[in-house]
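*Asks:* Handing you a structure now.
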Amino acid sequence: MAQTIDVVEMFKQAALEVDNRKLPKLTRDTVIATLGMDSVAVMELVSYFEEKLAVRIPDDDLGRIRTIGDLRDTIARLLPPGTQVAA
Amino acid sequence: MIGVVQALDGARGITDRGFTFIGARGPGEDLTLSFDQLRLDALRRASHLRAMGLAKGDRLALVIPEGEDFIPTFLAALWLGVVPVPLYPPVSLGKLDAFMDALVGILNVAQPKALVTSERVGKVLWSAVGKVTTLDRVIFTSELRADVPLIDPPSHPADDDLAFLQFTSGSTSAPKGVMVTHGNLKANSKAILHDGLQWRPGDVTVSWLPLYHDMGLIGMVLCPIVVHMPAVYIPTISFIKNATLWMETMHKHRGTLTFAPNFAYALVTRRARLEQIARWDLSSMRLFGCGAEPIHPDTIRAFLAAFAPAGLRPTALLPSYGMAEATLAMSFIRLGEQFKTDRIDQERYHADRKAAPSANGVATMEVVCCGRAFPGHELSIQDEDGRLLPDRSVGEICFRGPSVTAGYWNNPEATEAAGLGRPGGWLRTGDLGYLVEGEVYVSGRLKDILIVNGRNYYPQRIEWAVEELPGVRRGSTVVFSRPGKASEEVVVAVETRDRNPDKLRAAIVAKISEDLQLAVADVALVPPGSIPKTSSGKLQRRKTRELYLRGTLGREGARPAGAMGNRLLAAKHLAYSLVGRARHEARGLMRKLTGA
Chain A
130 MAQTIDVVEM FKQAALEVDN RKLPKLTRDT VIATLGMDSV AVMELVSYFE
180 EKLAVRIPDD DLGRIRTIGD LRDTIARLLP PGTQVAA
Chain B
175 MIGVVQALDG ARGITDRGFT FIGARGPGED LTLSFDQLRL DALRRASHLR
225 AMGLAKGDRL ALVIPEGEDF IPTFLAALWL GVVPVPLYPP VSLGKLDAFM
275 DALVGILNVA QPKALVTSER VGKVLWSAVG KVTTLDRVIF TSELRADVPL
325 IDPPSHPADD DLAFLQFTSG STSAPKGVMV THGNLKANSK AILHDGLQWR
375 PGDVTVSWLP LYHDMGLIGM VLCPIVVHMP AVYIPTISFI KNATLWMETM
425 HKHRGTLTFA PNFAYALVTR RARLEQIARW DLSSMRLFGC GAEPIHPDTI
475 RAFLAAFAPA GLRPTALLPS YGMAEATLAM SFIRLGEQFK TDRIDQERYH
525 ADRKAAPSAN GVATMEVVCC GRAFPGHELS IQDEDGRLLP DRSVGEICFR
575 GPSVTAGYWN NPEATEAAGL GRPGGWLRTG DLGYLVEGEV YVSGRLKDIL
625 IVNGRNYYPQ RIEWAVEELP GVRRGSTVVF SRPGKASEEV VVAVETRDRN
675 PDKLRAAIVA KISEDLQLAV ADVALVPPGS IPKTSSGKLQ RRKTRELYLR
725 GTLGREGARP AGAMGNRLLA AKHLAYSLVG RARHEARGLM RKLTGA
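Set out below in structure tokens:
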């Protein structure tokens, strides 16, 4: 039984590993650009998701991802059909 | 030394080596263009551009993320005498608005006749295109790749001919385009290849640097073309996502040369895993150049230690100093020398503007040696009035020689202020430093600019963003940088009586992050009147920064080192500052008394 992917929780973990940053209040409405990370850290974060989930987020989509929810929706589209992704 | 166009034209028949683009054919699939193919591709694109009505002197904006499209298009323009204006493509999360604003600002200064972009990027560029009146058309890279009757190879440019416009990276309200001539390129590529790197057959360049940036474009693309040196390009975004790809590529392609800003060395040291380092063989790497932003000695030491097991030699690390106004490079340390630093007395540096070797027990500043000026060029240290200063006196670093560029495009005031546009004149770099027996040490900066991750930011834009927040008055904010381990760090100082400082701090961090994608390291909220101003009431960034670094700005200016640490640090710096001021006043008094 595959487990459910929770992008919000993964993002918290990624921010901790990549940028040593605790984000307890993160929600799907959080605008990523307001978290106080620089552009290099943000791209490292994208790469964290790509590695863990074995997906590749197209560069074109990056410019359109504003919130954690946008990121979740983009990733949900890229995962194999049937994968459980928490809302 | 021959010019870039001459070397490109002379590449006919060189089919055994060329440029390789990592992942250009899809994940894991690289594309290699021999120099012969590259020449033909450039000629094909030049034929299209001419048919489209572009002629010598016309500007051509390039917003092309793919190296395999950017490089031949850039070369095609050079060959025709059309002036390419390389611009950075949009890359990050949700930042399109800010990107468009910066792009329109640059385009309105450069006044290009056409813009070349890929279909992918073109989709989002249209809103900017409408705001630039000079722009006749948008050209897609696919149009330039199509078959076309080839024109005869155009004649080679003269040394005085304008080659391209290099806009200083980052965003500002008044972007400046450095005019690089073919003569500048010739002089600087000779300095880099022959005097600096002592280029030899068998060298292989590996680069992930952005191609619209001087170090990536001139150092890693045009220099290899001049001597037909093979090069391997990693897309910048791939490097940022996975920094170890840089090392992996050197290992796989037996690289010998690379360049990058300080932050990249910090990033790859942090990212590389022990089992990767054990697998890599970096012994082929002759040189790791480091430049484009202040070099942090600890970063370099950590990098050398981490990669020593992979065969990295300590002498391979090459500190360098340069800037777009000098085409690219001004100085390297000598080949085979180990990177070295100078430990100077911090208080004498600030108070007396002297770089005195530090005695035991005093606060020390460690400054990296960037070597001496290339043959035919000269470095000097000057005071505000242009007087030459002796060794170990701190002043503005100035540079002259054939690499000094022709000035800023359509901006005579800025050209004059930088000392450009006068043959044989001194370029005023805006950097602070000192010389020791001809070797330059870059220790600070006069100009108001922040360099974060190799990219320049103008403080005004960041200040404006902060001043848009409720509760922040106009003209109450100063932004500057402090030295950080990987790169410079952003500090914001705001005069405020706000009763909810934590909320204001959070709002400032979020605003700057959202508008400019910069991380803020510290917000200093100080009572009104704490930030130094000129007699006309303008805020003084440099003075504010100095106060901040000494821990004497307002009450909260000290670096976050724990509350107690802060107070101790502040007390120490206050003491130093009082001593310095007393010394300064004593000197003034002496001058008055002696009438000097």
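As they're listed, the protein sequences go chains A and B. According to the numbering used here, the residues represented by the first sequence are 130 to 216, in order. According to the numbering used here, the residues represented by the second sequence are 175 to 770, in order. For glycine and all other residues, C-beta sits at the position ideal for the given N, C-alpha and C.
(1) Thinking B/Pro-246 and B/Arg-219 are a contact (beta carbons under 8 Å), I'd like their distance in whole angstroms, please.
(2) Suppose only complete runs of 4+ residues qualify. What are the alpha helix (DSSP H) ranges in the segment 450-484 of chain B, listed by chain order?
(3) Would you mind telling me which residues of chain B sit closer than 8 Å to A/Val-169, beta carbon to beta carbon, in chain order?
(4) Using only CA atoms, which one of B/Phe-273, B/Ala-525, B/Gln-520 lies nearest to B/Gly-535?
(5) Is A/Glu-173 close to chain B? Criterion is C-beta to C-beta, closer than 8 Å.
(6) Go ahead and pull the three-state DSSP assignment for B/Ile-238.
(7) List the endpoints of the continuous beta strand (DSSP E) containing A/Glu-179.
(8) Quick check: the segment 188-206 of chain A against the segment 156-165 of chain A, are there 3 or more CB pairs under 8 Å?
(9) State the Cα-Cα distance for the pair A/Ile-134 and B/Thr-651, rounded to the nearest angstrom.
(10) Using three-state DSSP, classify A/Leu-200 as helix, strand or coil.
(11) Roughly how many angstroms separate the alpha carbons of B/Val-610 and B/Leu-456, rounded to a whole number?
(12) Please classify B/Arg-311: is it buried, with 16 or more other beta-carbons within 10 angstroms of its beta-carbon, or exposed?
(13) With burial defined as no fewer than 16 other Cβ atoms inside 10 Å of the residue's Cβ, what is the status of B/Asn-674: buried or exposed?
(14) Cβ of A/Leu-164 less than 8 Å from any chain B Cβ?
(15) With a Cβ-Cβ cutoff of 8 Å, do B/Tyr-631 and B/Ser-567 count as a contact?
(16) Quick one: any contact between the segment 166-184 of chain A and the segment 405-423 of chain B, if contact means 3 or more CB pairs under 8 Å?
(17) Below 8 Å, how does it come out for the segment 375-392 of chain B and the segment 508-524 of chain B: are there three or more Cβ pairs, yes or no?
(18) Give me the Cβ distance between B/Val-686 and B/Val-694, rounded to the nearest whole Å; I'm assuming they're in contact under 8 Å.
(19) Could you have a look at B/Tyr-407 and say whether DSSP puts it in helix, strand or coil?
(20) When the Cα atoms are used, what is the spatial distance from B/Val-665 to B/Pro-384?
(21) Against B/Ile-779, what residues of chain A qualify as contacts under a CB-to-CB distance less than 8 Å, listed in chain order?
(22) Give the secondary structure of B/Arg-619 by DSSP, where H, G and I count as helix, E and B as strand, and everything else as coil.
(23) Give me the DSSP bridge partner(s) of B/Pro-435.
(24) Output needed for B/Ala-588: all residues of its chain with C-beta closer than 7 Å, excluding positions within five of it in sequence on either side, in chain order.
(25) Within the 8 Å Cβ cut-off, does A/Val-136 reach chain B?
(26) Across the segment 317-333 of chain B and the segment 268-283 of chain B, are there enough close Cβ pairs to call them in contact, namely three or more that are closer than 8 Å?
(27) Quick one: is B/Thr-307 buried, meaning 16 or more other Cβ sit within 10 Å of its Cβ, or exposed?
(28) So what does DSSP say about A/Ile-134, is it helix, strand or coil?
(29) Between B/Ala-288 and chain A, is any beta-carbon pair separated by less than 8 Å?
(30) For A/Ala-183, is the classification buried or exposed, using 16 other Cβ atoms within 10 angstroms of its Cβ as the cut-off for buried?
(31) Please report the residue range of the alpha helix (DSSP H) in which B/Leu-277 lies.
(32) Nearest to B/Gly-485 by CA position, among B/Val-442, B/Arg-508, B/Ile-451, is which residue?
(33) Between which residues of its own chain and B/Gly-187 is the CB-CB distance below 7 Å, once the five residues before and five after are set aside?
(34) Kindly indicate which residue of B/Leu-699, B/Glu-688, B/Arg-719 has the alpha-carbon position closest to the one of B/Leu-678.
(35) For B/Lys-230, which residues from the same chain have a beta carbon less than 6 Å from its beta carbon, with the 5 sequence-adjacent residues on both sides left out?
(36) Just the C-alpha distance for B/Gly-645 and A/Arg-195, rounded to the nearest angstrom, thanks.
*Replies:* Short version:
(1) Residue mapping note: residue 246 of chain B aligns to position 72 of the second sequence, counting from 1. Residue mapping note: residue 219 of chain B aligns to position 45 of the second sequence, counting from 1. Rounded, the Cβ-Cβ distance is 6 Å, consistent with contact.
(2) 471-481
(3) Translated into positions along the first sequence, residue 169 of chain A becomes position 40. Here the neighbours are Ile-414, Phe-437, Leu-441, Asn-627.
(4) Reading the second sequence from its first residue, position 361 is the one you call residue 535 of chain B. Considering only alpha carbons, the answer is B/Gln-520.
(5) Translated into positions along the first sequence, residue 173 of chain A becomes position 44. So, interface residue.
(6) Residue 238 of chain B sits at position 64 when you count from the first residue of the second sequence. It is coil, neither helix nor strand.
(7) Counting from 1 along the first sequence, the entry for residue 179 of chain A is found at position 50. That residue, A/Glu-179, is in no beta strand (DSSP E); its alpha helix (DSSP H) goes 168-182.
(8) yes
(9) If you number the first sequence from 1, residue 134 of chain A lands on position 5. If you number the second sequence from 1, residue 651 of chain B lands on position 477. Cα-Cα distance, rounded: 43 Å.
(10) Taking the first residue of the first sequence as 1, we reach residue 200 of chain A at position 71. Here A/Leu-200 sits in helix by DSSP.
(11) The sequence position of residue 610 of chain B within the second sequence is 436, counting from 1. The sequence position of residue 456 of chain B within the second sequence is 282, counting from 1. C-alpha separation (whole angstroms): 33 Å.
(12) The residue labelled residue 311 of chain B in the question sits at position 137 within the second sequence. B/Arg-311 comes out exposed.
(13) By 1-based counting over the second sequence, the position of residue 674 of chain B is 500. Exposed, because fewer than 16 other Cβ atoms sit within 10 Å of the Cβ of B/Asn-674.
(14) In the first sequence, residue 164 of chain A corresponds to position 35, counting from 1. Chain B, which has a Cβ nearer than 8 Å to the Cβ of A/Leu-164, makes this yes.
(15) As a working note, residue 631 of chain B is residue 457 in the second sequence. As a working note, residue 567 of chain B is residue 393 in the second sequence. Going by C-beta atoms, B/Tyr-631 is not nearer than 8 Å to B/Ser-567.
(16) yes
(17) no
(18) On the second sequence, position 512 is the one that residue 686 of chain B refers to. On the second sequence, position 520 is the one that residue 694 of chain B refers to. It should be noted that the sequence gives Ile, not Val, for residue 686 of chain B. B/Ile-686 to B/Val-694, Cβ: 5 Å. Contact.
(19) The count along the second sequence starts at 1 and reaches residue 407 of chain B at position 233. If DSSP states are grouped into helix, strand and coil, B/Tyr-407 belongs with the strands.
(20) The residue you call residue 665 of chain B lines up with position 491 of the second sequence. The residue you call residue 384 of chain B lines up with position 210 of the second sequence. Straight-line measurement puts the Cα of B/Pro-384 at about 26 Å from the Cα of B/Val-665.
(21) Any answer about residue 779 of chain B is impossible in this case: the structure gives chain B only from 175 up to 770.
(22) Counting from 1 along the second sequence, the entry for residue 619 of chain B is found at position 445. Looking at B/Arg-619 - three-state DSSP - the assignment turns out to be strand.
(23) Your numbering for residue 435 of chain B matches position 261 in the second sequence. Answer by DSSP bridge pairing: none, since B/Pro-435 is not bridged.
(24) Looking up residue 588 of chain B in the second sequence gives position 414. For B/Ala-588, where only same-chain residues beyond five positions count, the Cβ hits under 7 Å are Lys-350, Tyr-582.
(25) As a working mapping, residue 136 of chain A is identified with position 7 in the first sequence. The beta carbon of A/Val-136 sits no closer than 8 Å to any beta carbon of chain B.
(26) no
(27) In the second sequence, residue 307 of chain B corresponds to position 133, counting from 1. So B/Thr-307 counts as exposed.
(28) Within the first sequence, residue 134 of chain A is the residue found at index 5, counting from 1. Residue state, collapsed to three classes: strand.
(29) In the second sequence, residue 288 of chain B corresponds to position 114, counting from 1. Closer than 8 Å: no.
(30) Walking along the first sequence from the start, residue 183 of chain A turns up at place 54. Exposure of A/Ala-183 is indicated by the presence of fewer than 16 other C-beta atoms within 10 angstroms of its C-beta.
(31) As a working mapping, residue 277 of chain B is identified with position 103 in the second sequence. Note, B/Leu-277: alpha helix (DSSP H), 270-284.
(32) For this step, residue 485 of chain B is matched to residue 311 along the second sequence. Residue B/Ile-451 is the option with its Cα nearest to B/Gly-485.
(33) For this step, residue 187 of chain B is matched to residue 13 along the second sequence. These residues qualify, in order along the chain: Asp-210.
(34) Counting from 1 along the second sequence, the entry for residue 678 of chain B is found at position 504. Of the listed residues, the one whose Cα sits closest to B/Leu-678 is B/Leu-699.
(35) As a first step, residue 230 of chain B is located in the second sequence; it is residue number 56 there, counting from the start. Same-chain partners within the cutoff: Gly-255.
(36) Reading the second sequence from its first residue, position 471 is the one you call residue 645 of chain B. Reading the first sequence from its first residue, position 66 is the one you call residue 195 of chain A. The alpha-carbon atoms of B/Gly-645 and A/Arg-195 are separated by roughly 26 Å.
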